[in-house]
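Mapped onto the UniProt record's numbering, the consecutive letters of the sequence shown carry residue numbers 1 to 335. Presented below is the structure to which this report refers.
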Amino acid sequence: MEARQHVVKLETLKDVNDVLTDSNISVITKEEHRKIAQNAAHRNNLSRLIQLIADERLMGSQRIRAINDLARMREQIAHNNPPQENRMPAEHAYAPEKTQDAPRKDAIIIAMDNIEDDDMRYINHTAYGAKAAFVVAMSKTKPRPNEDLQGHYTVNIEAAKIVEGAERKYDWSDKITLQLTRAELPTVAAVFYGYMDACTFASHGPAKDKGFSLERKDGGIIARVNATGKSMAVKISPPDIFQMGAILTRQLLKETPWMDSYMLEKLLRGSFTFQTSQAMPAPQPARANAPANNAQHGPKDKQCAGCGCEIDQRVHDYSLKNMGRPLCLNCQKKH
């Protein structure tokens, strides 16, 4: 394993145990980790000590002291004893050599994510509406030879209509299910983070007949999911936005294990806010003399986001997939 720097990424119990294994220390079991997570003092001590043990700038005697302190803490936990206050502040007891910068106190992230891949199917959140329900669920794609050998972390979107005449009972046997692509996952997260006002994606499923859209409106997010012969809409409330956003965040961090949540938030903001900061031309009524090369076969029920002219479903879907918003042929050339 490559040498660890003084800023250590600890996102899962495995990350913590990797540090311990590198130092020939017995790993923390799931039960031991559960007890640590329940006590704020133990969590803070573990966070500090793991960072010190992983910091190769420390002299051997200082790392040994940190290892011994960790052993005492684990013994306290094993005997259900309350945590003891440190007699000396960490910055004095374990000070790195003065020739180097001291590690940031906030650079460590305590391991709280012990979700196994097989358990992701149990983690989801549902927003219930008057006519339909909308679900965001953790998932992972299946490996594909010569393309994606391990699969990637993403989310599934599901929607089901309410059963007529029933209260809060939904027909999940006739639900629409689709899985976000790598490109769609951060875009959807940007809407939940508030860095984009809306997004629309189509051509999902074997028949390429499934799609969805998200739009920030009236203090929430309007989620629309459609397939051939089906269309559903649910308003996602702020508490549901938080819960679904947490699922999206976790999956994005699993896809980019070299990043922490702070870096992810900054990158999402930098990647997507420029799209909303630029003034977008307001859609105009369909023009009677729209350019002839926009006239394609199919129903004229879509509008170009650039000039407002009507476009057919094929042009609409192609533009969304390749350019991120619906544009007519003329506007695509200018994009």
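Glycine included, C-beta positions come from ideal geometry on N, C-alpha and C.
What whole-angstrom Cβ distance do Met-244 and Phe-201 have, given they're in contact under 8 Å?
As a first step, residue 244 is located in the sequence shown; it is residue number 244 there, counting from the start. As a first step, residue 201 is located in the sequence shown; it is residue number 201 there, counting from the start. Actually they do not touch by this definition, with Cβ atoms about 16 Å apart.
Report all residues from its chain with a CB closer than 6 Å to the CB of Glu-91; omit the five preceding and five following residues, and keep chain order.
Along the sequence shown, read from residue 1 onward, the residue named residue 91 stands at position 91. Residue placement at Glu-91 is poorly supported in this model, since its pLDDT is 42, which falls under 50; the coordinates are not used for a value here.
What does the Cβ neighbour count give for Pro-299, buried or exposed, with the cut at 16 atoms within 10 Å?
Residue mapping note: residue 299 aligns to position 299 of the sequence shown, counting from 1. Bear in mind that a pLDDT of 37 at Pro-299, under 50, signals an unreliable position, so the number given afterwards is only what the model happens to contain. Under this definition Pro-299 is an exposed residue.
Residues of its chain near His-152, where Cβ-Cβ distance is below 8 Å and the 5 sequence neighbours each way are ignored
The residue you call residue 152 lines up with position 152 of the sequence shown. Closer than 8 Å at Cβ, skipping near neighbours: Lys-140, Thr-141, Arg-182 and Glu-255.
Nearest-angstrom Cα separation, counted from Lys-230 out to Ile-311:
By 1-based counting over the sequence shown, the position of residue 311 is 311. By 1-based counting over the sequence shown, the position of residue 230 is 230. Looking at the two C-alpha atoms, the distance is approximately 21 Å.
In the DSSP output, which residue or residues are listed as bridge partners for His-204?
Locating residue 204 in the sequence shown gives position 204, counting from the first residue. His-204 is bridged to Lys-210.
Give me, in chain order, the residues of the same chain whose beta-carbon lies closer than 6 Å to that of Lys-131; leave out the 5 immediate sequence neighbours on both sides.
Position 131 of the sequence shown, counting from 1, holds the residue named residue 131. Only Ile-162 meet the Cβ criterion.
Grouping DSSP H, G and I as helix and E and B as strand, with all else coil, what is Val-16?
Start at 1 with the first residue of the sequence shown, and residue 16 comes out as number 16. Correct three-state label for Val-16: helix.
State buried or exposed for Gln-51, treating a residue as buried only when at least 16 other CB atoms are found within 10 Å of its CB.
Translated into positions along the sequence shown, residue 51 becomes position 51. When all chains shown are included, Gln-51 counts as buried.
Counting along the chain, where does the beta strand (DSSP E) carrying Met-138 start and finish?
Here the question's residue 138 lines up with position 138 in the sequence shown. Taken as a continuous stretch (DSSP letters only), the beta strand (DSSP E) holding Met-138 covers 132-140.
Cα separation between Ile-221 and Leu-214?
One-based indexing of the sequence shown puts residue 221 at position 221. One-based indexing of the sequence shown puts residue 214 at position 214. Rounded to whole angstroms, Ile-221 to Leu-214 spans 6 Å at the Cα level.
When the Cα of residue 368 is compared with those of Met-323, Trp-172 and Ser-203, which residue comes out closest?
Any property of residue 368 remains undetermined from this structure, which presents the chain solely from 1 to 335.
Just how far apart, CA to CA, sit Asn-156 and Asn-124?
Within the sequence shown, the letter at position 156 stands for residue 156. Within the sequence shown, the letter at position 124 stands for residue 124. Each residue's alpha carbon lies about 9 Å from the other.
What is the DSSP secondary structure of Met-232, reduced to helix, strand or coil?
Numbered from 1 along the sequence shown, position 232 holds the residue referred to as residue 232. Note: Met-232 maps to strand in three-state DSSP.
Between the Cα of Pro-238 and those of Thr-126, Ala-66 and Lys-35, spot the shortest distance and give me the residue it belongs to.
If you number the sequence shown from 1, residue 238 lands on position 238. The shortest C-alpha separation from Pro-238 is found at Thr-126.
Taking the CB atoms as reference points, tell me whether Cys-304 and Pro-326 lie closer together than 8 Å.
In the sequence shown, residue 304 corresponds to position 304, counting from 1. In the sequence shown, residue 326 corresponds to position 326, counting from 1. Yes; because the gap between Cβ atoms is below 8 Å, this pair is in contact.
Taking C-alpha atoms, which residue in Lys-208, Phe-242 and Lys-235 lies nearest to Ala-227?
Working through the sequence shown from its first residue, we reach residue 227 at position 227. Comparing Cα-Cα distances from Ala-227 to each of Lys-208, Phe-242 and Lys-235, the minimum goes to Lys-208.
Taking Ile-53 and Ala-66 to be in contact with their CB atoms under 8 Å, please state how far apart those CB atoms are, rounded to whole angstroms.
For this step, residue 53 is matched to residue 53 along the sequence shown. For this step, residue 66 is matched to residue 66 along the sequence shown. That belief holds up - the Cβ atoms of Ile-53 and Ala-66 are roughly 5 Å apart, short of 8 Å.
If you draw a straight line from the alpha carbon of Met-232 to that of Ala-159, how long is it in whole angstroms?
Stepping through the sequence shown from its first residue, residue 232 is reached at position 232. Stepping through the sequence shown from its first residue, residue 159 is reached at position 159. Their Cα atoms are separated by approximately 7 Å.
With 16 other CB atoms within 10 Å as the buried threshold, where does Ala-133 fall?
On the sequence shown, residue 133 is found 133 positions in, with the first residue counted as 1. The residue in question, Ala-133, is buried, as its Cβ has 16 or more Cβ neighbours within 10 Å.
Measuring straight from C-alpha to C-alpha, what distance separates Asn-146 and Arg-168?
Reading the sequence shown from its first residue, position 146 is the one you call residue 146. Reading the sequence shown from its first residue, position 168 is the one you call residue 168. So the two alpha carbons sit approximately 45 Å from each other.
What would DSSP say about Arg-65, mapped onto helix, strand or coil?
In the sequence shown, counting from the first residue as 1, residue 65 sits at position 65. Note: Arg-65 maps to helix in three-state DSSP.
Sort out for me which residues DSSP pairs Asn-156 with in a bridge.
Residue numbering aside, residue 156 sits at position 156 when the sequence shown is read from its first letter. Paired residues: Ala-137 and Gln-179.
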